[in-house]
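See below for the structure under consideration.
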Amino acid sequence: MSLKEQYPITLYNTLTKSKEKFEPIHPDRVGMYVCGPTVYSDVHLGNVRTFMSFDMIYRYLLYIGYKVRYVRNITDVGHLENDADEGEDKIAKKARLEQLEPMEIVQHYTNGFHDVLKQFNLLPPSIEPSATGHIMEQIEMVQDLLDKGLAYEVNGSVYFDVTKYDEKHSYGKLSGRKIEEMMESGRMLDSQDEKRNKIDFAIWKKASPSHIMRWNSPWGEGFPGWHLECTVMSTKYLGETFDIHGGGMDLLFPHHECEIAQSVASTGKDPVKYWLHTNMLTVNGQKMSKSLGNSFLPQELFAGEHELLDRGYSAMVVRFFNLQSHYSSTLDFSNEALTAAEKGYKRLMEGYRIATGLSYQAGTVDTEFEAKIKQNIGELFENMSDDFNSAKTLAVLFELTTTMNNFKAGNNQVGQLSEATFNELIKHYTGFITDVLGLKEEQEGNQQLVSGVVEMLIKLRNDAKAAKNYALTDKIRDDLKALGVSLKDGKEGTEYTID
RNA sequence: GGCGCUGUGGCCGAGUGGCUAGGCAGAGGUCUGCAAAACCUUCUACAGCGGUUCGAAUCCGCUCAGCGCCUCCA
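According to my numbering, the residues represented by the first sequence are 116 to 614, in order.
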């Protein structure tokens, strides 16, 4: 029995508002689409949280044996600025400000995005399509929606006719909205006179003369609407229906709602089986966002150069911090929480280091101990299969970390486990830390040289200690400590860790 | 105004009907020349009120507090 059969996944589907058993459309294969960034500015830490959460999900699917096609787009056309009628494209606007080619902007921020994700140890997706690379397909879909009578053209712009769509289908089922209510309440912006109804949305927008990102289309020069690129690219690479569509909660409405409408209107099929939404990173209980001014960039985080930060924190500490909460809960940022996470992360990685250094030696098997370890291994999978509960998984990993420490301290012997169980323990304990949760050791510099020098100093210190020259002994330890190298005297000799 | 979410011990955060995660911090102990680490033990919870139930942090209702979406946003 394969792992994915042994530990079937259940996940919370935003569409049905309930936890469901995960059954991919094609056995063994999973198609997953996640809305990527709009590359007109640097991604901040809140953005990163979502991508980190889906990276963890992607990694777990792979770990238990699924073949996954993971598509995460780059939105490089830019979304419409505030009022649709302004016809302002964020990337075009930025380009004019900075006197650069639009694609230069796009490339710059795409590179930055990739650099950031690499530092947080995210796996690259299988396909990373860009909106500008799929203009033809978007034009085709606009035409298709016009042909089907569910869109209309006004002055070179094309709008999706939500009211008409809702006659046969139901608009708003993902976000729990009803169009009658949306029609009467909410803000009506007077300038949206091109639209027949205020809830209609643009799928193609005419470019104003000053608009530099533009393409030819049957309706004149323009650019595609915001929601269209995800529909087009997910359909192209994953098919008309696919398994998982993810994104941040703030995309639920209108973005994902519109995606459903576009797909259903075009293909007649519901595009997505399971909708997954990650929750927001908050600061003092408020969503981290650029407009609120409470966001900061990963670089600022690492360097500790931001008024919200007491000091710098590493990428892996933040990744660990993120994994301590469930992806669907808000996570509140604070210096205290990050400091606590840093210590926890170090403790876990010390356990990882011990695990990689252990080798099996036969002994007397302790059946009770053996049973407990087997149970813990099972819990790793059960917790991750339960809606990707990384927080519970970490709790089990910490229990196993205590076991690792006990092996090291000699409180337990590896021989108390059967060889098979020992091997499973090491395989999955380290596998969950690195492959599933994506945590890794952070060490910089010339490790060989550093370890050689430190080992030499430890030897000198031990000589001094044997001679009871404690003044020198302590001086070596204190001076190393000042450089970030901590010495720990144990029964088996002195060990060191680098902060 | 509409739709939805949250409120857990000093802090962060799991948990969804009985078996009281975990991390950080605190207390005591073991080890140690001292220290650190590690190990063992240990303290402090479920916003308030009412209801359902043999039994609720967990289900239902109300109240209070906070948040998200409805406009670009992960």
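Beta carbons: idealized from backbone N, C-alpha and C, even for Gly.
In the structure shown, what three-state DSSP assignment does G248 receive? Reduced to three states, the DSSP call for G248 is helix.
Residue environment, G301, which counts as buried when at least 16 other CB atoms sit within 10 Å: In this prediction, G301 has a pLDDT of 49, which is less than 50 and means its spatial position is unreliable; what the coordinates show is noted afterwards. Its Cβ having fewer than 16 others within 10 Å, G301 is exposed.
L260 versus V347, S444, A586, residue with shortest Cα-Cα distance: V347
Identify the residues that DSSP records as bridge partners of G271: which are they? Paired residue(s): none; G271 is not in a bridge.
Roughly how many angstroms lie between the CA atoms of Q401 and V163, to the nearest whole one? 17 angstroms
Let me check one thing: in DSSP terms, what residues is M147 bridge-paired to? Y185, I359
Whole angstroms is fine: what's the gap from K487's alpha carbon to Y460's? 24 angstroms
Do you know whose CA, among E457, N521, K507, E420, lies nearest L473's CA? N521
Restricting to Cα atoms, I'd like to know which of D365, L396, S349, N399 is closest to I375. S349
By DSSP, does T397 sit in helix, in strand, or in coil? Here T397 sits in strand by DSSP.
Alpha carbon to alpha carbon, how far is S601 from W525? Give it in angstroms, no decimals. Reading the sequence as shown, one finds Gly at residue 525 and not Trp. Between G525 and S601, the C-alpha separation is close to 22 angstroms.
On the CB-based measure, 16 or more other CB atoms within 10 Å of its CB, does H141 come out buried or exposed? So H141 ends up on the exposed side.
Can you tell me which of the three DSSP states T508 falls into? helix
Start and end of the alpha helix (DSSP H) containing A75? Past the edges of the chain, shown from 116 to 614, lies residue 75, and the structure says nothing about it.
Looking only at C-alpha atoms, which of S290, G337, G362 sits nearest to E268? G337
Please state whether the Cβ-Cβ distance between M395 and D365 is less than 8 angstroms. A contact, by the Cβ cut-off of 8 angstroms.
Name the two residues that bound the continuous beta strand (DSSP E) containing N498. Where N498 is concerned, there is no enclosing beta strand (DSSP E), although the alpha helix (DSSP H) it sits in stretches over 482-500.
Reference N450; option with closest CA among Y442, L587, G340, G427: G427
Test item: CB-CB of S500 and L438 under 8 angstroms: no
How long is the line joining the alpha carbons of L118 and Q234, rounded to whole angstroms? 30 angstroms
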